[in-house]
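Trainee: Residue 4 is where the sequence shown starts when you use our numbering, and the numbers rise one by one after that.
C-beta atoms are modelled at their ideal positions from N, C-alpha and C, and glycine is treated no differently.
Here the structure is a predicted model, which is why all the values come from computation and not from measurement.
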Amino acid sequence: MKIKAGFLQFQPVFGDIGQNISTIREMLNDKEFDLMVLPELCTTGYQFVSRDEALSLSEPAEGALGPALQELAERKSSVIVAGFAEKNGNEVFNSAMAMGPDGVLSVYRKAHLFFKEKDIFRPGNTPFEPVDTKQGYRLGTMICFDWIFPEAARSLALGGASVIAHSANLVLPWCQQAMFARALENRIFIITANRFGTEDRDPASPLTFTGGSQIMAPDGEVLAKAGPAEAVVMIREIDLNASNPQLNPMNHLFNDCRPDLYRL
Ligand code: ACM
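(1) Do residue 237 and residue 9 have their CB atoms nearer than 7 Å?
(2) To the nearest angstrom, how far is it from the Cα of residue 4 to the Cα of residue 169?
(3) At which residue ranges does the region 65-144 contain complete alpha helix (DSSP H) runs of 4 or more residues, listed in the order of the chain?
(4) Identify the continuous beta strand (DSSP E) that holds residue 249 and give its terminal residues.
(5) State the CB to CB distance for the pair residue 218 and residue 226, rounded to an integer number of angstroms; the pair is presumed to be in contact (CB under 8 Å).
(6) Taking all protein chains shown into account, do 16 or more other C-beta atoms lie within 10 angstroms of the C-beta of residue 148, making it buried, or fewer, making it exposed?
(7) Taking residue 68 as the reference, which of 232, 38, 240, 106 has the closest Cα?
(8) Keeping to the same chain, check which residues put their C-beta closer than 7 Å to that of residue 59; ignore five residues upstream and five downstream.
(9) Looking at the strands, I want to know which residues DSSP matches up with residue 158.
(10) With a threshold of 6 Å on Cβ separation, who are the neighbours of residue 235 within its own chain once the five nearest residues in sequence on each side are excluded?
(11) Any idea if residue 2 is buried or exposed, counting beta-carbon neighbours within 10 angstroms, 16 or more meaning buried?
(12) Out of 108, 138, 80, which has the shortest C-alpha to C-alpha gap to residue 132?
(13) Using 8 Å as the Cβ pair cut-off and three pairs as the minimum, do the region 26-46 and the region 254-266 touch?
(14) Using a threshold of 6 Å, is the CB atom of residue 178 nearer than that to any non-hydrogen atom of the ligand ACM?
(15) Put residue 17 into one of helix, strand or coil per three-state DSSP.
(16) Span of the alpha helix (DSSP H) holding residue 59?
(17) Less than 7 Å between the beta carbons of residue 191 and residue 220, yes or no?
(18) How big is the Cα-Cα spacing for residue 214 and residue 233?
(19) Grouping DSSP H, G and I as helix and E and B as strand, with all else coil, what is residue 240?
(20) Residue 134: which of 164, 115, 125 sits nearest, CA to CA?
(21) By Cβ distance below 8 Å, which residues in the same chain neighbour residue 41 in space, the five residues on each side in sequence not counted?
(22) Less than 7 Å between C-beta atoms, sequence neighbours within five positions excluded: which residues of the same chain meet that for residue 14?
(23) Apply the 10 Å Cβ neighbour rule to residue 52 and answer buried if 16 or more other Cβ atoms are within range, or exposed otherwise.
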């Protein structure tokens with residue numbers, strides 16, 4: 004089956020949830036898509052200086068972002084995946100919700116926290132389990148640094164995902180290239196939605212985000228690629244039938260695994 008899938012790349016304004024939601028709305032207003040992926044922490048920005056600050060800017064999925072995404076998802080008959088700081092009681096998770104026309108499909112909480120995120124967020128406690136989009140395919144979600152753990156994408160592929168929504172705020176230079184292997188070894192589409200710009204709220208560790216959002220096909224072809232510092236939405240028609248672990252008549256990428264020989 005063919006769907007129109009894409010990403011939105013932009014530079015959130017730190018701490019201004021209303022402004023960031025307005026920007027997202029404006030950028031998507033005239034676009035047509037079935038699946039749209041937004042960056043990690045797209046409503047708040049990234050570099051919280053304390054857990055209390057993150058808590059004060061965090062919201063549950065039903066907060067300001069959820070209804071805004073649902074309105075868009077309903078109008079476009081689409082699924083939108085967006086990263087946000089998720090408030091859960093007195094804890095904050097670095098999460099991504101998948102929103103459909105009828106409401107929240109899933110909330111994934113980032114499992115692998117990067118660097119000083121460990122001082123801010125609670126580590127995720129949701130499994131790498133894809134969700135049924137009700138549009139005829141299964142969708143996996145992962146967040147940024149999850150990319151460096153091949154088990155994350157593999158688990159989503161084993162769960163029947165044909166496409167992974169990868170919300171990111173990338174600072175290391177390797178992910179975009181590494182997704183070539185993640186896509187190829189699982190024969191799956193991966194849409195990485197990154198942000199750009201610099202945040203230096205912690206003067207000891209200023210962070211520059213790398214842009215370069217992309218749509219990677221199961222054969223490793225880059226179907227769309229954003230520049231390192233542009234606000235842009237890119238959408239491509241992708242054929243989800245190409246996501247198939249049967250590499251050739253004699254090799255199935257999951258069934259040929261040899262867990263008896265692996266150290267896991
Ligand atoms: C990251 O995981 N946001 C680098």
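Mentor: If we stick to the structure as given:
(1) Counted from its first residue, the sequence shown places residue 237 at position 234. Counted from its first residue, the sequence shown places residue 9 at position 6. For residue 237 and residue 9, yes; Cβs fall inside 7 Å.
(2) Residue 4 sits at position 1 when you count from the first residue of the sequence shown. Residue 169 sits at position 166 when you count from the first residue of the sequence shown. Approximately 21 Å, taken between the alpha carbons.
(3) 68-79
(4) Locating residue 249 in the sequence shown gives position 246, counting from the first residue. Going by DSSP, residue 249 is part of the beta strand (DSSP E) stretching over 249-251.
(5) The residue given as residue 218 occupies position 215 in the sequence shown. The residue given as residue 226 occupies position 223 in the sequence shown. Going by Cβ atoms, the distance from residue 218 to residue 226 rounds to 4 Å, so yes, they are a contact pair.
(6) As a first step, residue 148 is located in the sequence shown; it is residue number 145 there, counting from the start. With 16 or more other Cβ atoms within 10 Å, it is buried.
(7) Position 65 of the sequence shown, counted from the first residue, corresponds to residue 68. Closest option to residue 68, Cα to Cα, is 106.
(8) Along the sequence shown, read from residue 1 onward, the residue named residue 59 stands at position 56. Within the same chain, residue 59 has no close Cβ partners at all.
(9) On the sequence shown, residue 158 is found 155 positions in, with the first residue counted as 1. Its beta-bridge partners do not exist; DSSP assigns none.
(10) The count along the sequence shown starts at 1 and reaches residue 235 at position 232. The answer, listed in chain order, is 12, 229.
(11) Residue 2 lies beyond the range of the chain shown here (4 to 267); nothing can be said about it.
(12) Walking along the sequence shown from the start, residue 132 turns up at place 129. Among 108, 138, 80, the Cα nearest to that of residue 132 belongs to 108.
(13) no
(14) Stepping through the sequence shown from its first residue, residue 178 is reached at position 175. Incorrect: residue 178 has no Cβ contact closer than 6 Å to the ligand ACM.
(15) What you label residue 17 is simply residue 14 of the sequence shown in a count that begins at 1. Reduced to three states, the DSSP call for residue 17 is coil.
(16) For this step, residue 59 is matched to residue 56 along the sequence shown. From DSSP, the alpha helix (DSSP H) with residue 59 extends over 54-60.
(17) Here the question's residue 191 lines up with position 188 in the sequence shown. Here the question's residue 220 lines up with position 217 in the sequence shown. For residue 191 and residue 220, no; Cβs fall outside 7 Å.
(18) Within the sequence shown, the letter at position 211 stands for residue 214. Within the sequence shown, the letter at position 230 stands for residue 233. Distance between the alpha carbons of residue 214 and residue 233: 7 Å.
(19) Position 237 of the sequence shown, counting from 1, holds the residue named residue 240. Strand at residue 240.
(20) On the sequence shown, residue 134 is found 131 positions in, with the first residue counted as 1. Residue 164 is the option with its Cα nearest to residue 134.
(21) Looking up residue 41 in the sequence shown gives position 38. For residue 41, where only same-chain residues beyond five positions count, the Cβ hits under 8 Å are 10, 11, 27, 83, 84, 85, 86, 170, 196.
(22) By one-based count along the sequence shown, residue 14 stands at place 11. Around residue 14: 198, 199, 200, 234.
(23) Indexing the sequence shown from 1 puts residue 52 at position 49. Answer is exposed; the Cβ neighbour count stays below 16.
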